[in-house]
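Residue numbers (this note's numbering), protein chains in the order written: chain X, 5 to 319; chain D, 38 to 469; chain C, 6 to 202. Glycine included, each C-beta is placed from N, C-alpha and C at the ideal position. Report on one structure; see the data block that follows.
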Amino acid sequence: ESTVWNFNVWGGKRAFTIGIETIKKILEAEAPGSFELRINYGDALGPPKKNPESVRVNAFEAAQFCVGYYPNKFPLLSVLELPFLLPTKLRQRANIEMEVLAHPLIVEEMAKRWNIKFFGPSFLPGYEFMGNKRIETVEDMKGVKMRISGLNATALELFGAVPTMVIAPEGYTALDRGTIDSFGFPYTYGFGSFKLYEVSKYVTDGFNMSGFMCFQGVNIDAWNATPEKIKQALPTAQNEAIDAMIKAYKEADEYWIPIFREHVEIVKIAPSERVKLQTVSGKIWEEWADGQTAKGRAGNEILDFVKATVAKYTN
Amino acid sequence: MDPVDLGLLALLFLSAALLSGMRIAFATAFCGFIGLWILRGYTPAATLASMIPHGHLAVYPLLVLPLFILMGYFAYYAGITKDLYWTARQWLGHLPGGLAIATIFGSAGFAAACGASTASAAVMGRIALPELKRFGYDDKVSAGCVAAGGTMATMIPPSVLLVIYGFIAEESIGALLLAGFLPGLLEAFSYSLMLFLRFKVNPSLGPSMERVQWAGRVKSLKGVWGMVTLVVLVMGSIYAGIATPTEAAAVGAGGALLLALPRLSKGNFKSAMLETARTTSMIFAIVAGVLIFVHFLGFTGMPAQLAENIVQIDTKPIVILVAVLALYLVLGMFLDGIGMLLLTVPIILPAIKALGIDPIVFGILVVRMVEIGLITPPVGLNVYVLKGVAPHISMSNIFRGCGWFVFVDLINVAILITFPQIILFIPQTMIN
Amino acid sequence: MTELFVVILLTFAVIALLALMGARAEFLQRRMESLLTYLSAAIILFLMAYVLAEVLMRYAFNSPLPGHLEGAELLLPMIVFLAVSYTQARNGHVGMSLIVDLLPDRARLLTDIVTLILSVLTCAVLAYFGAKQAYFSWQIDDVTMTPPYWSIWPSAAIVPVGYFLLSVRMSLQALQLIIPHRFPEPVADDLESPSTT
Ligand code: NA
Ligand code: NA
Numbered sequence: 005e006s007t008v009w010n011f012n013v014w015g016g017k018r019a020f021t022i023g024i025e026t027i028k029k030i031l032e033a034e035a036p037g038s039f040e041l042r043i044n045y046g047d048a049l050g051p052p053k054k055n056p057e058s059v060r061v062n063a064f065e066a067a068q069f070c071v072g073y074y075p076n077k078f079p080l081l082s083v084l085e086l087p088f089l090l091p092t093k094l095r096q097r098a099n100i101e102m103e104v105l106a107h108p109l110i111v112e113e114m115a116k117r118w119n120i121k122f123f124g125p126s127f128l129p130g131y132e133f134m135g136n137k138r139i140e141t142v143e144d145m146k147g148v149k150m151r152i153s154g155l156n157a158t159a160l161e162l163f164g165a166v167p168t169m170v171i172a173p174e175g176y177t178a179l180d181r182g183t184i185d186s187f188g189f190p191y192t193y194g195f196g197s198f199k200l201y202e203v204s205k206y207v208t209d210g211f212n213m214s215g216f217m218c219f220q221g222v223n224i225d226a227w228n229a230t231p232e233k234i235k236q237a238l239p240t241a242q243n244e245a246i247d248a249m250i251k252a253y254k255e256a257d258e259y260w261i262p263i264f265r266e267h268v269e270i271v272k273i274a275p276s277e278r279v280k281l282q283t284v285s286g287k288i289w290e291e292w293a294d295g296q297t298a299k300g301r302a303g304n305e306i307l308d309f310v311k312a313t314v315a316k317y318t319n
Numbered sequence: 038m039d040p041v042d043l044g045l046l047a048l049l050f051l052s053a054a055l056l057s058g059m060r061i062a063f064a065t066a067f068c069g070f071i072g073l074w075i076l077r078g079y080t081p082a083a084t085l086a087s088m089i090p091h092g093h094l095a096v097y098p099l100l101v102l103p104l105f106i107l108m109g110y111f112a113y114y115a116g117i118t119k120d121l122y123w124t125a126r127q128w129l130g131h132l133p134g135g136l137a138i139a140t141i142f143g144s145a146g147f148a149a150a151c152g153a154s155t156a157s158a159a160v161m162g163r164i165a166l167p168e169l170k171r172f173g174y175d176d177k178v179s180a181g182c183v184a185a186g187g188t189m190a191t192m193i194p195p196s197v198l199l200v201i202y203g204f205i206a207e208e209s210i211g212a213l214l215l216a217g218f219l220p221g222l223l224e225a226f227s228y229s230l231m232l233f234l235r236f237k238v239n240p241s242l243g244p245s246m247e248r249v250q251w252a253g254r255v256k257s258l259k260g261v262w263g264m265v266t267l268v269v270l271v272m273g274s275i276y277a278g279i280a281t282p283t284e285a286a287a288v289g290a291g292g293a294l295l296l297a298l299p300r301l302s303k304g305n306f307k308s309a310m311l312e313t314a315r316t317t318s319m320i321f322a323i324v325a326g327v328l329i330f331v332h333f334l335g336f337t338g339m340p341a342q343l344a345e346n347i348v349q350i351d352t353k354p355i356v357i358l359v360a361v362l363a364l365y366l367v368l369g370m371f372l373d374g375i376g377m378l379l380l381t382v383p384i385i386l387p388a389i390k391a392l393g394i395d396p397i398v399f400g401i402l403v404v405r406m407v408e409i410g411l412i413t414p415p416v417g418l419n420v421y422v423l424k425g426v427a428p429h430i431s432m433s434n435i436f437r438g439c440g441w442f443v444f445v446d447l448i449n450v451a452i453l454i455t456f457p458q459i460i461l462f463i464p465q466t467m468i469n
Numbered sequence: 006m007t008e009l010f011v012v013i014l015l016t017f018a019v020i021a022l023l024a025l026m027g028a029r030a031e032f033l034q035r036r037m038e039s040l041l042t043y044l045s046a047a048i049i050l051f052l053m054a055y056v057l058a059e060v061l062m063r064y065a066f067n068s069p070l071p072g073h074l075e076g077a078e079l080l081l082p083m084i085v086f087l088a089v090s091y092t093q094a095r096n097g098h099v100g101m102s103l104i105v106d107l108l109p110d111r112a113r114l115l116t117d118i119v120t121l122i123l124s125v126l127t128c129a130v131l132a133y134f135g136a137k138q139a140y141f142s143w144q145i146d147d148v149t150m151t152p153p154y155w156s157i158w159p160s161a162a163i164v165p166v167g168y169f170l171l172s173v174r175m176s177l178q179a180l181q182l183i184i185p186h187r188f189p190e191p192v193a194d195d196l197e198s199p200s201t202t
């Protein structure tokens, strides 16, 4: 009898989904014929924002999640979306993420409320801004309509930016016609796939803002019923997935950056500017932790843990 | 049972439920839920099914739908539709089948103020059908004109379906909307040519109007100013960077309300609002139901299997494209457009891109096929809507009346495949 | 599976109650439908104004409304499900009568009753589980992406309300076919628009 997992993911095959494709390949090779991971693209199985609810009742066994879509569904895990908390290097971020996801408080949050277990990485590269206002220093953001959501919006607002939401497919027209000035996206492939460089003059390089915290999760009952071989192979598969994702994002950069160069000026953001953003964001982190604590959750504890882990990997 | 077989069986079952008169919104939800139940168990199925309506309806791109519908109704009560129809009659009425041809061009004009085919069919049905009947036009032809003419609202911008395609395919919605303009005009002209020829061959289908002098025709042009105002408002607000394409729908609805105000009685205002609520509710109840069914099909893997089989055929891309479009023709007989796009585009688009076919061209072609699906039995949304407006014409007669238009549609698709420049010309010129 | 029996039991209890109430149930349901549809229409107007306000605030004052996009999103299910039962009452939900029109009277009556009951059960399942989901959404304080973090549950709760009223409406329609003497054909009320026939 073969174990089959149905996996729900929105959008098509892309760098973002290389992680799950890698895990699928490794695990299926581990137990040929007795384990199948069916990846359903284009949210074929259910509405993407209800993935946690669906996996909870085992409507499908596993899915992709992004905390940013529903910050209160994974309140403690949303720590990883705090503005400028994570370092700039993708590899470091991946390592920190893996440690946070293994933290007992996070494991409990997933298990208790959602009956979900972390299954595989699905991180995004750092966010940058592309558009028609030149942003080089934090002062340049004053009065600029920047498309960004969540607490990142709150952080940039402190420097006078005007956070504005438009949906991604409208980004092209909105930039082209000047409805908004600048569009925040994971660098580079977000800008590339929506062709925003065609209607922009500048793109930043150095914000390296952490945005959505995304991951793959599986229903715990489904996990428990999985062949032992698969369970043992998972850590290796996860590491391979991290490597594959970092490689895929690097390849995307190598593909898109020369194309961007033809259309837009790549404006370097000095590390000192990022430090300013980070310093001011400290207030937002504390507010976040206090807010969690007020609701009876260990906000301060998890924030301190993340800070310590960041320090461990960056020093 | 093999899940793919279960999917096919469910389609048969759904067809049976629909044929027995069960409302689409509930038949699809029912069959989808039972299918999910078989595959996943009762509680997971019920939980998933119950989350699908809110999960898929609370999304921004769909907001344009009530707003476009509202704009359409206000435009209707502002007399814009009537004025357009009047102008079209002055110019085209004297041709063989003149009133029918004027209906097509009236619909094409109204399509510039209305983004949903069903809304266009409902509104034009109310205006044009009584006139066509008064002049003794054949019921089937009249109904076909309005039902098929309504589909132009989906091709000529604004268009709900193109917005949805852009949303799924992650393509520029602005470019897609612009791309629909010329294919929409092509549709209007080829419908008219077909009607011209049919009435020429068989004048008993309906009389020509009296020829109007040129002075009269030019004077009648004042009837288009309302429509032009709305187009300028909507396109202008996007072009000037004042509003995003979605927001422009609110600008259009607000503009239409202003245009309508001088003539708008309290009763008509109430009607416009209630009918918008009702039409929105009707369409979205179907979307919710179909998506329950569509997600069930997703579990069976049937659609993915079908798409895969078609794309893997070792032959020329054009042959595969035609095969894919043929698949859409079949699916369009049963499924509603939004559900069909949601189900198939993410699966099939990567293959289409791999074949070197432009995603914007593909989008227009697919939406063109969806339009055809609106007027083919057994599930033809435009026909159902028209039936609501014209209880005196039987459903089967409306479907029969659409036959010739489907034929013209297929020729249209062939032309667009042969000359994709028709699709790409405007977006390429406007954006670069 | 126990929940399945609960849903079926509740559904038939409601149907029995409606049968007992007779014409009065029809009257109450109609009042409720009218009220909620006016609310739906009001939300449509509000939506238009809300989007226009966002456009104005952003373009003229460079100060877009916080959380506008998500706030607007949440209005859509409300618009749809507040009016869904009203739409059914006025035969606004589309279906195919091609084949059933050809059936003899008694067979047609039977088909109509069966399809109505199946629809009632479907909507009852969606109402029951939708309500559970809305309650869960309230419990975990599910919110939107961006400050001011709108609560999701009010919007999610309208969906089961809509499906519940739909199942009541279709139960009434089935009862009208089964025991017509207790349910006189409903009369058109003031909501009926002049341009529809
Ligand atoms: Na249109
Ligand atoms: Na059809």
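Taking 8 Å as the CB threshold, N62/X lines the interface with chain D. For Q68/X, the three-state secondary structure derived from DSSP is strand. With fewer than 16 other Cβ atoms inside 10 Å of its own Cβ, D42/D counts as exposed. Pairing V416/D with F436/D gives a Cβ-Cβ distance that is not under 8 Å.
In the displayed model, F122/X falls within a strand according to three-state DSSP. Using a cutoff of 7 Å, the CB of P194/D counts as near ligand 1, since one of the ligand's heavy atoms is closer than that. Within the segment 183-251 of chain X, complete beta strand (DSSP E) segments of at least 3 residues are found at 186-190, 206-209 and 218-223, given in chain order. Boundaries of the alpha helix (DSSP H) around L49/D: P40 to L56.
Residues of the segment 71-95 of chain X with a C-beta less than 8 Å from any C-beta of chain C: G72, Y73, Y74, P75, N76 and K77, listed in chain order. Within the same chain, and ignoring the five residues on either side of T266/D in sequence, the residues whose Cβ sits closer than 8 Å to its Cβ are G292 and L296. Interface residue (Cβ-Cβ distance to chain X less than 8 Å): S68/C is classified as such.
Distance between P173/X and Y97/D, taken at the CA atoms: about 11 Å. Shortest Cα-Cα distance from I460/D to any of P282/D, L215/D, Q349/D and F333/D involves L215/D.
In the DSSP assignment, the residues bridged to F11/X are I43/X and A66/X. Residue range K149 to R151 is occupied by the beta strand (DSSP E) that includes K149/X. In the DSSP annotation of this structure, the continuous segment of the beta strand (DSSP E) that includes K272/X starts and ends at E269 to K272. Against chain D, a Cβ distance below 7 Å from H98/C picks out R60, A62, M319 and A322. As the crow flies, the alpha-carbon of T21/X is around 11 Å from that of N44/X. Scanning its chain for C-beta atoms nearer than 7 Å, with the 5 sequence neighbours on each side dropped, one finds around T297/X the residues G303 and N304, in chain order. Per DSSP, F133/X is one residue of the beta strand (DSSP E) stretching across Y131 to G135.
The C-beta of R138/X comes no closer than 8 Å to any C-beta of chain D. Taking 8 Å as the CB threshold, T413/D stays off the interface with chain C. For P167/X, the secondary structure class from DSSP, reduced to helix, strand or coil, is strand. Interface annotation, L100/D: in contact with chain C, CB-CB separation under 8 Å. Under a criterion of Cβ atoms nearer than 9 Å, the residues of chain C adjacent to V166/X are, in order, R63, N67, S68 and P69.
Rounded to whole angstroms, the gap between the alpha carbons of D308/X and G196/X is 36 Å. Between P189/C and L177/C, the alpha-carbon positions lie close to 11 Å from each other. In the DSSP assignment, V148/C forms a beta bridge with S156/C. One finds nothing in chain X with a Cβ atom closer than 7 Å to the Cβ of V12/C; even the nearest lies about 16 Å away. Classified as exposed, H186/C has fewer than 16 neighbouring CB atoms from the shown chains inside 10 Å of its CB.
At a cut-off of 8 Å between beta-carbon atoms, G72/C makes no contact with chain D. Counting along the chain, L81/X sits inside no alpha helix (DSSP H), nor does DSSP assign it H or E at all. Only exposed fits N319/X, as fewer than 16 other CB atoms lie within 10 angstroms of its CB. With a threshold of 8 Å between beta carbons, T266/D makes no contact with chain C. Ligand 1 has no heavy atom closer than 7 Å to the beta-carbon of A285/D. Checking the 7 Å criterion, the Cβ of G152/D is within range of a heavy atom belonging to ligand 1.
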